[in-house]
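Visitor: With the first letter of the sequence shown counted as 1, position 292 gets the number 291 in numbering that gives the first Met the number 0; the numbers rise by one all the way through. Heads up, the beta-carbon is just placed ideally off N, CA and C, and yes, glycines get one too.
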Amino acid sequence: MRCKVLRFPLLCLCLSAFVLTLGVAPSYAAKSIPSSQVSRDKLLKKMRDKADDLRSFCSGMYRCLDMKYEACTEDDMKPWPKIDYDAEFCAPYKEIVKRGFSTNVNSPMMTDIFLRLGRQYRAIYSSEGTLPLEVNEISYLFDNMPFTADLINAYLDSKYELQYNSTDRRYFSGNNGDGLSGDFFWALSDSAGTKLMLRNMFFGYGYAQILKWSLKGTAIAYLDMDLIAPRTLKYKLTAIVFPGNSVLNSIMQLRVFKSVVNSKIDDVVGDVKKAANMYYGGNRKPIANNPKLQTPENARHIAEFDKVVAGAPWKLGDAARKERALLELSKPPARIKSNEPVDHNIKLDSTDAVEPEEPAKSISIKKD
Numbered sequence: 000m001r002c003k004v005l006r007f008p009l010l011c012l013c014l015s016a017f018v019l020t021l022g023v024a025p026s027y028a029a030k031s032i033p034s035s036q037v038s039r040d041k042l043l044k045k046m047r048d049k050a051d052d053l054r055s056f057c058s059g060m061y062r063c064l065d066m067k068y069e070a071c072t073e074d075d076m077k078p079w080p081k082i083d084y085d086a087e088f089c090a091p092y093k094e095i096v097k098r099g100f101s102t103n104v105n106s107p108m109m110t111d112i113f114l115r116l117g118r119q120y121r122a123i124y125s126s127e128g129t130l131p132l133e134v135n136e137i138s139y140l141f142d143n144m145p146f147t148a149d150l151i152n153a154y155l156d157s158k159y160e161l162q163y164n165s166t167d168r169r170y171f172s173g174n175n176g177d178g179l180s181g182d183f184f185w186a187l188s189d190s191a192g193t194k195l196m197l198r199n200m201f202f203g204y205g206y207a208q209i210l211k212w213s214l215k216g217t218a219i220a221y222l223d224m225d226l227i228a229p230r231t232l233k234y235k236l237t238a239i240v241f242p243g244n245s246v247l248n249s250i251m252q253l254r255v256f257k258s259v260v261n262s263k264i265d266d267v268v269g270d271v272k273k274a275a276n277m278y279y280g281g282n283r284k285p286i287a288n289n290p291k292l293q294t295p296e297n298a299r300h301i302a303e304f305d306k307v308v309a310g311a312p313w314k315l316g317d318a319a320r321k322e323r324a325l326l327e328l329s330k331p332p333a334r335i336k337s338n339e340p341v342d343h344n345i346k347l348d349s350t351d352a353v354e355p356e357e358p359a360k361s362i363s364i365k366k367d
């Protein structure tokens with residue numbers, strides 16, 4: 000039987016497959032955003048000329064964060080009839096602002112995220128557990144996602160793929176080789192500047208095959224972690240997904256559906272734990288026998304990761320910094336120019352006198 004395609008997000012699955020391979024609440028004073036900062040045409044362009052999305056954005060920002068954009072008309076700011084803009088509905092708005100996500104419309108993915116929060120339907124998924132990793136170790140694995148996928152595959156003969164899509168490594172994509180794939184934006188890697196690598200926020204587009212359904216769409220996800228014992232990271236993954244209509248929303252709220260989602264997440268976490276235990280147990284055969292891990296780049300990664308496991312420090316962002324340093328070293332040395340001033344006036348003393356040139360002889364031509 001042909002599978003029915005449901006167009007709603009399941010980023011919680013995809014994000015688990017691709018990423019887990021591996022204070023004080025602010026006040027919300029009324030704020031008016033002048034039209035000189037952002038015009039209605041610009042806002043509409045960011046919404047791909049969809050008036051309903053503009054209304055979701057303008058009404059949500061106004062009702063939940065008390066931010067009024069002068070570029071939004073009165074119709075744009077009208078509340079959706081079936082939405083109760085109460086504390087529960089507005090909680091994700093305040094949560095992501097508390098985490099440090101920018102409300103500047105020119106910030107990456109800002110309008111994409113907030114317009115979706117302003118829609119009527121949403122479903123929330125949550126999964127938690129532990130991972131056998133230290134903070135430095137998971138920082139290294141997040142900082143080198145393609146290597147992480149290769150390492151997992153070597154130990155489990157799996158087919159995970161991860162790749163960065165930008166030089167700053169904030170955009171990435173991947174798949175697990177078994178029906179899960181997605182493209183993501185790493186919006187935050189800490190919580191308002193604290194707990195680097197331990198307080199993450201992602202936004203992205205996920206695709207998954209679950210039972211008889213092919214699922215796709217968008218979601219916002221938080222991944223929070225804390226070290227609770229040596230090599231024991233407690234994690235909690237929370238995903239807010241956005242069903243397109245009431246029928247899909249009802250399906251996604253079903254307990255059986257959520258249990259299937261959680262089982263998929265557990266499978267991925269189980270893969271991570273198996274690979275980690277084999278690695279920490281001293282089994283190096285999968286590394287020695289895997290061609291992908293024999294490349295010069297992965298050989299460097301293995302040497303670096305061994306040092307991190309042995310206790311060497313590693314912070315998120317070190318990989319990009321090392322990459323820039325290697326690029327600088329590979330550049331040809333610049334030619335050194337003298338800083339001494341150059342005198343362009345030629346001076347001759349008597350000993351350097353130049354003999355005058357002999358005048359050219361004239362040539363006469365006789366005509367016949």
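If we require 3 or more residues per run, which beta strand (DSSP E) segments fall completely within the segment 187-241?
Guide: You should have 198-209, 212-228, 231-240.
Visitor: Alpha helix (DSSP H) containing leucine 247: first to last residue?
Guide: Where leucine 247 is concerned, the enclosing alpha helix (DSSP H) stretches over 245-252.
Visitor: What's the C-alpha gap between cysteine 13 and glutamate 127?
Guide: Low local confidence applies: a pLDDT of 41 at cysteine 13 is under 50, so the model's placement there is unreliable, with the coordinate-based value given in what follows. Approximately 16 Å between the Cα atoms of the pair.
Visitor: Can you name, in chain order, every residue of its own chain whose Cβ lies under 6 Å from the Cβ of alanine 275, other than the five neighbours on each side?
Guide: Hits under 6 Å: Pro131.
Visitor: What span of residues does the alpha helix (DSSP H) with phenylalanine 141 cover, start to end?
Guide: Here the alpha helix (DSSP H) through phenylalanine 141 covers 134-142.
Visitor: With DSSP as the reference, identify every bridge partner of glutamine 162, one or two as the case may be.
Guide: DSSP lists Ser172 as partners of glutamine 162.
Visitor: Taking 8 Å as the cut-off, decide whether the C-beta atoms of glycine 181 and glycine 216 are in contact.
Guide: Against a cut-off of 8 Å, the Cβ pair of glycine 216 and glycine 181 comes out as no contact.
Visitor: What is the C-beta distance between tyrosine 92 and leucine 116, in whole angstroms, given that I count them as a contact (C-beta under 8 Å)?
Guide: About 6 Å; that satisfies the 8 Å criterion.
Visitor: Does the segment 119-126 come close enough to the segment 228-246 that 3 or more CB-CB pairs lie under 8 Å?
Guide: Touching, yes.
Visitor: Starting from isoleucine 123, follow its DSSP beta bridges and name the residues at the other end.
Guide: Isoleucine 123 is bridged to Ile239.
Visitor: Any chance the segment 59-78 sits against the segment 168-181, with 3 or more Cβ pairs inside 8 Å?
Guide: No, the segment 59-78 does not touch the segment 168-181.
Visitor: Name the two residues that bound the continuous alpha helix (DSSP H) containing lysine 93.
Guide: Unbroken alpha helix (DSSP H) run through lysine 93: 86-97.
Visitor: Output needed for methionine 308: all residues of its chain with C-beta closer than 7 Å, excluding positions within five of it in sequence on either side, in chain order.
Guide: This sequence places valine at residue 308; methionine is not what is there. Glu136.
Visitor: Return the Cβ separation of alanine 153 and leucine 161 in integer angstroms, given the expectation that the two are a contact with Cβ distance under 8 Å.
Guide: Incorrect: roughly 14 Å between the Cβ atoms, too far for contact.
Visitor: Can you name the residues that DSSP bridges to alanine 181?
Guide: Residue identity differs from the one stated: residue 181 is glycine in this sequence, not alanine. Partner(s): Gly173, Gly205.
Visitor: For serine 329, does the count of other Cβ atoms within 10 angstroms reach 16, so buried, or fall short, so exposed?
Guide: Per the 10 Å Cβ criterion, exposed.
Visitor: Quick one: Cα of serine 258 to Cα of valine 267, how far?
Guide: In a straight line, the C-alpha of serine 258 is about 15 Å away from that of valine 267.
Visitor: Smallest Cα separation from asparagine 175: which of Lys284, Ser188, Ile151?
Guide: Comparing Cα positions, the closest option is Ile151.
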